[in-house]
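Residue numbering for the sequence shown follows our numbering, starting at 1014 and increasing by one per position. From the three backbone atoms N, C-alpha and C, an ideal C-beta is built for every residue, glycine too. All values reported here derive from a predicted model rather than from experimental measurement. Worksheet for the structure shown next.
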Amino acid sequence: MPNERLMSSNGLLLNALHDRALITLDDRYRIVVSSRVSHTPTNDRWLYAFDGRASN
């Protein structure tokens, strides 16, 4: 069984993106992608697709 901190079923895996303040949660627990993250096809699909969505 994988380490619990790496299990996506435990919630949002914040990892290094959160550590570098590239993604955060607002006061309503919505995902906020930093404007420092460039818009590329990959970032748009895997990061910006979640921008503003609830983290529940």
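- Task: Kindly list the residues whose CB is nearer than 8 Å to the CB of Ser1047, restricted to its own chain and excluding five residues on each side of it in sequence; keep chain order.
- Result: As a first step, residue 1047 must be located in the sequence shown, where it is residue number 34. The answer, listed in chain order, is Ala1034, Leu1035, Ile1036, Thr1037.
- Query: Between Ala1062 and Asn1056, what straight-line distance do the alpha-carbon atoms span, to the nearest angstrom?
  - Reply: Counted from its first residue, the sequence shown places residue 1062 at position 49. Counted from its first residue, the sequence shown places residue 1056 at position 43. The straight-line gap from Cα to Cα measures roughly 8 Å.
- Roughly how many angstroms lie between the CA atoms of Ala1067 and Asp1040, to the nearest whole one? Position 54 of the sequence shown holds residue 1067. Position 27 of the sequence shown holds residue 1040. C-alpha separation (whole angstroms): 11 Å.
- Message: Taking DSSP's pairing of strands, which residues face Arg1041 in a bridge?
- Response: Here residue 1041 is taken as the residue at index 28 of the sequence shown, counted from 1. DSSP lists no partner for Arg1041.
- Report the three-state DSSP secondary structure of Ala1067 (helix, strand or coil). For this step, residue 1067 is matched to residue 54 along the sequence shown. The three-state secondary structure of Ala1067, taken from DSSP, is strand.
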